[in-house]
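Visitor: Residue numbers (the working numbering): 94 to 422. Heads up, the beta-carbon is just placed ideally off N, CA and C, and yes, glycines get one too. Have a look at the structure that comes next, please.
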């Protein structure tokens, strides 16, 4: 399929219009939005398939813009803060702003988020001074929903610049264990969607993908997909995030295909995560065993995992093959 040559701003503008027109549609998915954007721009269906990353980024930006009528940041204050975070006093400015944000001061959290979004240097200053660690208490399931949303918005802003070292630092600061309970609908579906989108953004380098995978992200994302209470949007974002953690953000493949391929990897730890996620589907989704057994990637991945160097992985793979009626070899 030929990649459509369109300015990102045109896609963002069309995305804003689509989301505005369908604001009351709680079942709207990223794919629905992409198709509607294609129609609005006079394109053939799936013309933007190869640019779905741009569409997803446009959705996230439009949602952030529309989610805070009361959250406007004064342009002069934003400009001054960005300049300070880019200047000689960056560390001191960052520490003050982080301290206020960690105290759940909404204006400070918004100012920090807008500053991080506006400038990679500003984001770098905040992350370098421990932004991730400081926000951990605000990501608790007992946190007020609005506060958690602001904390996620700030983390998303800090990770939007395609700068792998920033994602690596946030993960080293321990944000993943705090995020996973929120993905399990601890604060509702909307917050979980933000978490899935953030995990997708954090999976921007091999080392970050390794931390995410072995930190339980794929298992948690899989649970979000099979959870009956999850919205279609959360399910779609979770599959996209899983693809990113698996190192395949551009591939449009199903969750079982991704997990099967993980089982077929050489590292026992990677095989273990793929197996655990497949077991979640088999146990929690009625009729899943028969469907999983018919997925070629699953069959091949389990066959490879049976020969794993890790005896426990090999045994688990053989057991799952029996459950899926794939044999006992």
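Give me, in chain order, the residues of the same chain whose beta-carbon lies closer than 7 Å to that of residue 261; leave out the 5 immediate sequence neighbours on both sides.
Guide: Here residue 261 is taken as the residue at index 168 of the chain shown, counted from 1. Result list for residue 261: 298, 300, 301, in chain order.
Visitor: Hey, could you find the ends of the alpha helix (DSSP H) residue 110 is sitting in?
Guide: Along the chain shown, one-based indexing puts residue 110 at 17. Per DSSP, residue 110 belongs to the alpha helix (DSSP H) from 101-114.
Visitor: Just the Cα atoms here: how many angstroms apart are residue 263 and residue 135?
Guide: Here residue 263 corresponds to residue number 170 of the chain shown, with the count starting at 1. Here residue 135 corresponds to residue number 42 of the chain shown, with the count starting at 1. In a straight line, the C-alpha of residue 263 is about 40 Å away from that of residue 135.
Visitor: Please determine, among 219, 195, 200, 374, the residue with the shortest C-alpha to C-alpha distance to residue 232.
Guide: Position 139 of the chain shown, counting from 1, holds the residue named residue 232. Ranking 219, 195, 200, 374 by Cα distance to residue 232 puts 195 first.
Visitor: Buried or exposed for residue 207, going by 16 or more other Cβ atoms inside 10 Å?
Guide: Residue mapping note: residue 207 aligns to position 114 of the chain shown, counting from 1. Buried is the call here.
Visitor: Taking the alpha helix (DSSP H) that residue 238 falls in, what are its first and last residues?
Guide: As a working note, residue 238 is residue 145 in the chain shown. Counting along the chain, the alpha helix (DSSP H) containing residue 238 begins and ends at 238-251.
Visitor: Note down the Cα distance separating residue 336 from residue 235, rounded to an integer number of angstroms.
Guide: Stepping through the chain shown from its first residue, residue 336 is reached at position 243. Stepping through the chain shown from its first residue, residue 235 is reached at position 142. Each residue's alpha carbon lies about 30 Å from the other.
Visitor: Return yes when the Cβ of residue 156 is within less than 9 Å of the Cβ of residue 204, no when it is not.
Guide: For the purposes of this step, residue 204 is taken as the residue at position 111 of the chain shown. For the purposes of this step, residue 156 is taken as the residue at position 63 of the chain shown. No, these two residues do not count as a Cβ contact at 9 Å.
Visitor: Does residue 137 come out as helix, strand or coil in the three-state DSSP assignment?
Guide: Numbered from its first residue, the chain shown carries residue 137 at position 44. Here residue 137 sits in coil by DSSP.
Visitor: So, are the CB atoms of residue 218 and residue 187 less than 9 Å apart?
Guide: The sequence position of residue 218 within the chain shown is 125, counting from 1. The sequence position of residue 187 within the chain shown is 94, counting from 1. Cβ distance < 9 Å, so residue 218 and residue 187 count as in contact.
Visitor: Roughly how many whole angstroms lie between the Cα atoms of residue 184 and residue 106?
Guide: For the purposes of this step, residue 184 is identified with residue 91 of the chain shown, where counting begins at 1. For the purposes of this step, residue 106 is identified with residue 13 of the chain shown, where counting begins at 1. About 36 Å.
Visitor: Between which two residues does the alpha helix (DSSP H) carrying residue 268 extend?
Guide: Counting from one through the chain shown, the residue named residue 268 turns up at place 175. Segment 268-276, the alpha helix (DSSP H) holding residue 268.
Visitor: By Cβ distance, which residues of its chain are closer than 7 Å to residue 154, with the 5 residues on each side in sequence left out?
Guide: Position 61 of the chain shown, counted from the first residue, corresponds to residue 154. Here the set comprises 105.
Visitor: Where does residue 354 land, buried or exposed, given buried means 16+ other C-beta within 10 angstroms?
Guide: Position 261 of the chain shown, counted from the start, is the residue given in the question as residue 354. Classification of residue 354: buried, given that the 10 Å Cβ count is 16 or more.
Visitor: Starting from the C-beta of residue 131, find all residues in its chain whose C-beta is less than 8 Å away, skip the five residues before and the five after it, and write them out in chain order.
Guide: For the purposes of this step, residue 131 is taken as the residue at position 38 of the chain shown. The residues are 137, 138, 139, 140, 141.
Visitor: What do you get for residue 113, buried or exposed, if any count of 16 or more other CB atoms within 10 angstroms of its CB means buried?
Guide: Taking the first residue of the chain shown as 1, we reach residue 113 at position 20. With fewer than 16 other Cβ atoms within 10 Å, it is exposed.
Visitor: Residue 94 to residue 173, Cα distance in whole Å?
Guide: Here residue 94 refers to the residue found at position 1 when the chain shown is read from its first residue. Here residue 173 refers to the residue found at position 80 when the chain shown is read from its first residue. Because the pLDDT at residue 94 is just 48, under 50, the model does not fix this residue reliably, and the value given afterwards should be weighed accordingly. In a straight line, the C-alpha of residue 94 is about 45 Å away from that of residue 173.
Visitor: Are the beta-carbon atoms of residue 216 and residue 209 separated by less than 9 Å?
Guide: To locate residue 216, count along the chain shown from 1; it is residue 123. To locate residue 209, count along the chain shown from 1; it is residue 116. Closer than 9 Å, so yes.
Visitor: Within the continuous alpha helix (DSSP H) that includes residue 354, where are the two ends?
Guide: On the chain shown, position 261 is the one that residue 354 refers to. Element bounds for residue 354: 348-356.
Visitor: In the DSSP assignment, the alpha helix (DSSP H) including residue 315 goes from what residue to what residue?
Guide: Here residue 315 refers to the residue found at position 222 of the chain shown. Residue 315 -> alpha helix (DSSP H) spans 310-319.
Visitor: Please work out which residues of its chain come closer than 8 Å, Cβ to Cβ, to residue 401, disregarding the five sequence neighbours upstream and downstream, and give them in chain order.
Guide: On the chain shown, position 308 is the one that residue 401 refers to. For residue 401, where only same-chain residues beyond five positions count, the Cβ hits under 8 Å are 361, 364, 407, 410.
Visitor: Would residue 399 and residue 384 qualify as a contact pair, given that the criterion is a beta-carbon distance under 9 Å?
Guide: On the chain shown, residue 399 is found 306 positions in, with the first residue counted as 1. On the chain shown, residue 384 is found 291 positions in, with the first residue counted as 1. Cβ atoms of residue 399 and residue 384: not closer than 9 Å.
Visitor: With a threshold of 16 other CB atoms inside 10 Å of the CB of residue 238, please say whether the residue is buried or exposed.
Guide: To locate residue 238, count along the chain shown from 1; it is residue 145. With fewer than 16 other Cβ atoms within 10 Å, it is exposed.
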